[in-house]
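Quick notes on the structure that follows.
Number of protein chains: 2
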Amino acid sequence: MSIDIQISNTAVSGISDASLFRLPQYHYFLTTLRDRGITKVSCSLIGQEMNCIPVQVRKDLQFTGVVGKPKTGYSVAELIHSIETFLGWNNTNQAFLAGAGNLGTALLGHERFTNLGLRIVAAFDSDPLKIGSSIHGKTVLPVECLAELAQRMSIQLGIITAPAEYAQSVADQMIRGGIRAIWNFAPLRLKLPPHIIIQNEDLYSSLSALSWKLARCFRTP
Amino acid sequence: MSIDIQISNTAVSGISDASLFRLPQYHYFLTTLRDRGITKVSCSLIGQEMNCIPVQVRKDLQFTGVVGKPKTGYSVAELIHSIETFLGWNNTNQAFLAGAGNLGTALLGHERFTNLGLRIVAAFDSDPLKIGSSIHGKTVLPVECLAELAQRMSIQLGIITAPAEYAQSVADQMIRGGIRAIWNFAPLRLKLPPHIIIQNEDLYSSLSALSWKLARCFRTP
């Protein structure tokens, strides 16, 4: 059952995190459809793929301002474009990364982030052995320079892959440098001024939740 | 105001994901207290640090079965131990990792995961250039061997760091090998039997949400 309808072309504010998280997943599914030569799609088909009710899919897509047609549904190409535009993948966010360990190195080398408009322009560390070295083409700079450089280059986005014990101090330097949004991979709650946007990526908590469920749902043979 | 009270020593089932995610964060804060020589803590102090109301903290800690004392609060050491036991950090989960790219390499080298009971025992890839190489002391094996080896070694946990286009096929092989819980870093919803435990770590969605908020909350200078 296709329940796509004409909707307003105006993107609505007040989108939930859950919806924001689903849009890139819709986008991925849509690109697989496009690659298979499929040009039209309904909310029910997307919902089926995503384990979502069609009403939820329609609500999410509404935020991007895209217009579905009754019976024929959405144009796949138009939907892909609308999601990319809405999520700002066509703009570039220059970012600083602090903590050039294993995870930092992985993020520096993750080429697909550029598809989402992320360009990590510099990496910072406090380890004298790392400073001056090059990781995926980016020179590692001393963390003391972060704030000044961020200000000079008008950097808005900071990524923290430093160990937990340095994370707060790194965040403080980022904020002093005018950074407005932080993607934090350190397993602690940072103390931040209310205007700073924070996205926590707590791998320890995820792993703990997973192990806990595994231990309780199954007995080890 | 300390509102710690005597509670049952029986861990309660039905814990929410949000609580499961907070416990490792409490744990981190508690270890910093321990390192500073502090032996007693109240729910209000933890709440203050975590931006949580004390009632929420007490509810979360209840799940671990720990007993707080009226007025004096909790013993820091006991609380640390209770959280570790509850989350199963004292047990070891052997895991297979599929996708030996940048992110897979980072996870293979992340020594602190062992504190949480995770031991990644083998890495798999389909790239002939990677197969046979050693990453952080683990030899990369051909992904075709994953299912059989998982079965033989009774592996319960699988980590997917393969690109999205291979993720479903890797998940299918994991399940064929008897793996029961999957930590998925690929940006798509995997189709899994209902008994499989899944934890999605969608960096693309996180980054998109962050960029979206940054674009809307601030004007770029």
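Note that the protein sequences, when read in sequence, are chains A and B. At position 94 of the first sequence the residue is numbered 582 (the working numbering), and the sequence of numbers has no breaks. At position 75 of the second sequence the residue is numbered 563 (the working numbering), and the sequence of numbers has no breaks. Beta carbons: idealized from backbone N, C-alpha and C, even for Gly.
Please name the residue, chosen from B:Glu599, B:Ala610, B:Tyr514, B:Gly561, that lies closest to Leu585 of chain B on a Cα-to-Cα basis. Here residue 585 of chain B is taken as the residue at index 97 of the second sequence, counted from 1. The shortest Cα separation from Leu585 of chain B among B:Glu599, B:Ala610, B:Tyr514, B:Gly561 belongs to B:Ala610.
Assess contact between the stretch 554 to 569 of chain B and the stretch 552 to 560 of chain A, defined as three or more Cβ pairs (one per stretch) separated by less than 8 Å. Is contact present? no
Quick one: list the residues of chain B neighbouring Tyr562 of chain A, beta-carbon separation under 8 Å, in chain order. Against the first sequence, residue 562 of chain A aligns to sequence position 74. Those within 8 Å of Tyr562 of chain A in chain B number zero; the least Cβ separation is about 19 Å.
Alpha carbon to alpha carbon, what distance is there between Phe574 of chain B and Trp700 of chain A? Walking along the first sequence from the start, residue 700 of chain A turns up at place 212. Walking along the second sequence from the start, residue 574 of chain B turns up at place 86. Roughly 8 Å between the two C-alpha positions.
Integer-rounded CB distance, given that Gln644 of chain A should sit under 8 Å from Arg664 of chain A: The residue you call residue 664 of chain A lines up with position 176 of the first sequence. The residue you call residue 644 of chain A lines up with position 156 of the first sequence. About 14 Å; that fails the 8 Å criterion.
By the three-class DSSP mapping on this structure, what secondary structure does Pro709 of chain A have? For the purposes of this step, residue 709 of chain A is identified with residue 221 of the first sequence, where counting begins at 1. Any reading at Pro709 of chain A needs caution, since the residue's pLDDT is 43, under 50, leaving its predicted position unreliable; the model's value is listed next. Three-state DSSP puts Pro709 of chain A in coil, outside helix and strand.
Does DSSP put Arg677 of chain A in a helix, in a strand, or in coil? Along the first sequence, read from residue 1 onward, the residue named residue 677 of chain A stands at position 189. Correct three-state label for Arg677 of chain A: coil.
Give the interface partners of Thr573 of chain A over in chain B, defined as CB-CB distance under 8 Å, in chain order. Within the first sequence, the letter at position 85 stands for residue 573 of chain A. Simply none; closest approach about 11 Å.
Ile534 of chain B and Phe517 of chain B look like a contact to me (Cβ under 8 Å); what is the Cβ gap, rounded to whole Å? In the second sequence, the residue the question calls residue 534 of chain B occupies position 46. In the second sequence, the residue the question calls residue 517 of chain B occupies position 29. Correct: roughly 6 Å between the Cβ atoms.
Note down the Cα distance separating Tyr514 of chain A from Met538 of chain B, rounded to an integer number of angstroms. For the purposes of this step, residue 514 of chain A is taken as the residue at position 26 of the first sequence. For the purposes of this step, residue 538 of chain B is taken as the residue at position 50 of the second sequence. Cα to Cα, Tyr514 of chain A sits roughly 33 Å from Met538 of chain B.
Would you kindly report the start and end of the unbroken alpha helix (DSSP H) that includes Gly535 of chain B? What you label residue 535 of chain B is simply residue 47 of the second sequence in a count that begins at 1. Start and end: 531 to 538.
Three-state class that DSSP yields for Ala635 of chain A in the structure shown: Within the first sequence, the letter at position 147 stands for residue 635 of chain A. Ala635 of chain A falls in the helix class under three-state DSSP.
Among A:Arg677, A:Asn688, A:Gln639, whose alpha-carbon lies nearest the alpha-carbon of Gln656 of chain A? Taking the first residue of the first sequence as position 1, residue 656 of chain A is located at position 168. The option with the nearest alpha carbon to Gln656 of chain A is A:Arg677.
Excluding the 5 residues flanking Glu689 of chain A on each side, which residues of the same chain have their C-beta closer than 8 Å to its C-beta? Here residue 689 of chain A is taken as the residue at index 201 of the first sequence, counted from 1. Hits under 8 Å: Trp671, Asn672, Phe673.
Integer Cβ distance of Pro512 of chain B from Ser693 of chain A, believed to fall under 8 Å: The residue you call residue 512 of chain B lines up with position 24 of the second sequence. The residue you call residue 693 of chain A lines up with position 205 of the first sequence. Right, the Cβ-Cβ distance comes to about 5 Å (below 8 Å), so this counts as a contact.
Residues of chain B with CB under 9 Å from Gly665 of chain A, in chain order? As a working note, residue 665 of chain A is residue 177 in the first sequence. The contacting residues do not exist; Gly665 of chain A stays about 13 Å from chain B at best.
DSSP three-state assignment for Pro558 of chain B, whether helix, strand or coil: Here residue 558 of chain B refers to the residue found at position 70 when the second sequence is read from its first residue. Correct three-state label for Pro558 of chain B: coil.
Pull out every residue of the stretch 635 to 661 of chain A whose Cβ sits closer than 7 Å to any Cβ of chain B, in chain order. Ser642, Gln644, Leu645, Ala652
Taking C-beta pairs closer than 8 Å, name the residues in chain A that Gln513 of chain B reaches, listed in chain order. Position 25 of the second sequence, counting from 1, holds the residue named residue 513 of chain B. Per Cβ cutoff of 8 Å: Pro675, Leu676, Arg677, Asp690, Ser693.
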